[in-house]
Amino acid sequence: MSEATAQTTGQDGQSPNQSEEGKAGSYTPPATQEELDQIIENRLSRERRKFADYDELKAQKSEMDKWKQSQLTEQEQAVQAAREESAKETAGRYDRKIADAEIRLQAQSKGFHDPADALAAFVDKPPIKDGEPDTDAIGKKLDALAKAKPYLLKNQQTIPKGGPRLPAGIRISDTHDGKGKAAAALRQLGASIHPR
């Protein structure tokens, strides 16, 4: 047989076109819904048989794991427990680093002079929810910090080193409703005790 003839004939001696025509001619679509349902049910039952022993295998694996654990020596169990603890600590450190980065980012966007000031508000426990930084809790706490300590923000005016500078003709007592009088009395008391 020549190569061209060998290539055009299939395994059963028919040409590829003839075998495809034979296959196409033998397929008949289901005529009723019941036939289609039966075809689908047959296919599903074949798949269910493939995984019928899945629950049994899962139970056997669980028993095998328990047996392996019981065969470990005390030293091996201690090593395994130490590894698990180390993994938890490492995860905690990385969670903290991620939360700190989120805190710094939000503090910078809210206008804090130094984001480290904002980190100080989260010393006890970083707000982590489901392994991710809780951005809402961070935002609320930073807003509260900004209200409580507005001097931490860039857009707030700072008091000069020499004290407040007031326009001419305005006394401190005029601006602080009596607090200035107490301060003036203390200054007079200090001057009388320590004359210059």
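Number 190 in my numbering belongs to position 189 of the sequence shown; there are no gaps in the numbering.
Glycine included, each C-beta is placed from N, C-alpha and C at the ideal position.
Given the structure is predicted, the values throughout are model-derived calculations rather than measurements.
Within the continuous alpha helix (DSSP H) that includes Val-80, where are the two ends?
Residues 75-111.
Give every residue of the same chain whose Cβ lies closer than 6 Å to the Cβ of Leu-1, excluding the five residues on either side of it in the sequence, and list them in chain order.
Absent from the structure is residue 1, since the part of the chain shown begins at 2 and ends at 197.
Through-space distance from Lys-59 to Ala-88, alpha-carbon basis:
Those two C-alpha atoms are separated by around 26 Å.
Determine the extent of the alpha helix (DSSP H) in which Pro-116 is found, giving its start and end residues.
Counting along the chain, the alpha helix (DSSP H) containing Pro-116 begins and ends at 116-120.
Three-way DSSP call (helix, strand, coil) for Asp-175 in this model:
Reliability fails at Asp-175, whose pLDDT of 48 lies under 50, so the model's placement of it is uncertain and no value is given.
Are the beta-carbon atoms belonging to Phe-113 and Ala-122 less than 8 Å from one another?
no
Rounded to a whole number of angstroms, what is the C-alpha to C-alpha distance between Pro-127 and Ala-186?
Taking the straight line joining both Cα atoms gives about 46 Å.
Enumerate in chain order the residues of its own chain whose CB-to-CB distance from Met-2 is below 7 Å, with the five nearest sequence positions on each side excluded.
Confidence at Met-2 is low in this model, with a pLDDT of 44, below 50, so the placement of that residue is unreliable and no value is reported for it.
Measuring CB atoms only, is the segment 75-91 touching the segment 124-142, in the sense that at least three cross pairs come out at less than 8 Å?
no
Coil, strand or helix - Gly-23 by DSSP:
Reliability fails at Gly-23, whose pLDDT of 49 lies under 50, so the model's placement of it is uncertain and no value is given.
How many Å lie between Gln-189 and Leu-146 at the Cα?
37 Å
Taking buried to mean at least 16 other C-beta atoms within 10 Å of its own C-beta, is Gln-107 buried or exposed?
buried
Just curious, the alpha helix (DSSP H) that Tyr-55 is in, first and last residue?
55-72
With H, G and I counted as helix, E and B as strand and the rest as coil, what does DSSP make of Lys-155?
coil
My output table needs one value for Lys-126: the three-state DSSP class, helix, strand or coil.
coil
For Leu-73, count neighbouring C-beta atoms within 10 Å of its own C-beta (all shown protein chains included) and say buried if the count is 16 or more, exposed if not.
exposed
In the DSSP assignment, what are the bridge partners of Glu-133?
Lys-130
According to DSSP, is Ala-32 helix, strand or coil?
DSSP places Ala-32 outside both helix and strand once states are collapsed to three, so it counts as coil.
Enumerate in chain order the residues of its own chain whose CB-to-CB distance from Arg-97 is below 7 Å, with the five nearest sequence positions on each side excluded.
Pro-127
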